[in-house]
Amino acid sequence: MASESQNVPPNAQSANTEASVKKQSGSWWSRLSKGQRDNVQILGIALVLAIVIRLFVAEPRYIPSDSMLPTLQIGDRLVVEKIAYRFRSPQHGEIVVFDPPLQLQQFGYAPDKAFIKRVIGTPGDIVQVTQGNVLINGQSLTEAYLAEPPAYEMPSVRVPADQFFVMGDNRNNSNDSHVWGFLPRQNIIGRAIFCFFPFDRLGFLQVPATESTPPLQEGQTG
């Protein structure tokens, strides 16, 4: 008696084999259940949103040094928002995160090594450090947030357009504008607004109230 396979025409066997291969090699998407496809779509949307938020809205940052003591502690995790400076300039007292300017890169810092400091001088301001005080346009700043007064002197300098003078709150242990100069606005990533870890330090970062001190015009002295 002939076997059943012998009764199947060769072309039919070939067609069955091709159909079986196609079925087995179908797209991974088609092999997923509806629930699995929904989960993949949700994960994809979440990933895209996370990337967009990090690039354009906000991102987390870690504090690795003591240059901002006592305001920021080593190990603090912060939220850095990126929206405000699209519509306005950084203001006195705000804490900014920035990519190192060319001066710092020449000192050997990587272009993507972010720094964090406080804005002290804005464009047009005249900044001076003398006798333990920081003067802006001839007026001494009241800085209750300092670890200690600066133990160095710095002659007066005028902040150029589109640049800023930034300093660490730990004045005597901070690699800041008194060392390497002005910070270009284009290097600013965003402003630090919230500490989310450790939990005992949870809260918004306060910007100290400062009196409005108009920049001096060329030729004026403080």
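Taking our numbering, the leading residue of the sequence shown gets 5, the next gets one more, and so forth. Each residue gets a CB set at the ideal place from its N, CA and C atoms; glycine is no exception.
Practice problem: Locate the alpha helix (DSSP H) running through Ser160, then write down its first and last residues. | Solution: That residue, Ser160, is in no alpha helix (DSSP H); its beta strand (DSSP E) goes 158-162.
Quiz item: Hey, quick one: how far does the alpha helix (DSSP H) through Gln109 stretch, first residue to last?
Solution: 106-110
Quiz item: Under a three-way DSSP split, which group does Gly48 fall into?
Solution: helix
Quiz item: Expressed to the nearest angstrom, what Euclidean distance is found between the alpha-carbon atoms of Asn137 and Arg162?
Solution: 17 Å
Quiz item: If you drop the 5 nearest sequence neighbours on each side, which residues of the same chain put their C-beta closer than 6 Å to that of Leu82?
Solution: Arg65, Ala196, Cys199
Quiz item: Count the other CB atoms within 10 Å of the CB of Ser71; is the residue buried (16 or more) or exposed (fewer)?
Solution: buried
Self-check item: Coarse secondary structure for Lys121, derived from DSSP in three states
Solution: strand
Quiz prompt | Distance CB(Ile78)-CB(Ile99) smaller than 8 Å | solution = no
Self-check item: Span separating the alpha-carbon of Trp33 from that of Val52
Solution: 19 Å
Exercise. Leaving aside the five residues before and after Val25 along the sequence, list all residues of the same chain whose C-beta is less than 8 Å from its C-beta, in chain order.
Key: Unreliable positioning characterises Val25 in this predicted model, as indicated by a pLDDT of 47, which lies under 50. A coordinate reading is not provided.
Quiz item: From this set, Pro153, Phe169, Gly97, which residue's C-alpha is nearest Val131's C-alpha?
Solution: Phe169
Quiz item: What's the gap between the Cα of Ala62 and the Cα of Lys86?
Solution: 5 Å
Practice problem: Assign Val25 to one of three DSSP states: helix, strand, or coil. | Solution: Note that Val25 scores 47 on pLDDT, short of 50, meaning its location in the model is unreliable and no value can be drawn from it.
Quiz prompt | Reduced DSSP category for Gly39 - H, G, I as helix; E, B as strand; rest coil | solution = helix
Quiz item: Where does Phe203 sit, in a helix, a strand or coil, going by DSSP?
Solution: helix
Exercise. From the DSSP output, in three-state form, read off Val183 for me.
Key: helix
Quiz item: Where does Tyr113 sit, in a helix, a strand or coil, going by DSSP?
Solution: coil
Exercise. Buried or exposed for Thr146, please, with buried defined as at least 16 other CB atoms from any protein chain shown within 10 angstroms of its CB.
Key: exposed
Quiz item: Which value, in whole angstroms, describes the spacing of the CA atoms of Phe201 and Asp173?
Solution: 20 Å
Self-check item: Nearest to Val183 (by Cα), restricted to the options Phe111, Ala165, Arg205, Ile55
Solution: Phe111
Quiz item: In the structure shown, what three-state DSSP assignment does Asn191 receive?
Solution: helix
Quiz item: From Pro212 to Gly185, what does the alpha carbon distance come to, in whole angstroms?
Solution: 23 Å
Self-check item: Presumed contact (8 Å Cβ cut-off) between Pro115 and Pro104, rounded CB distance
Solution: 7 Å
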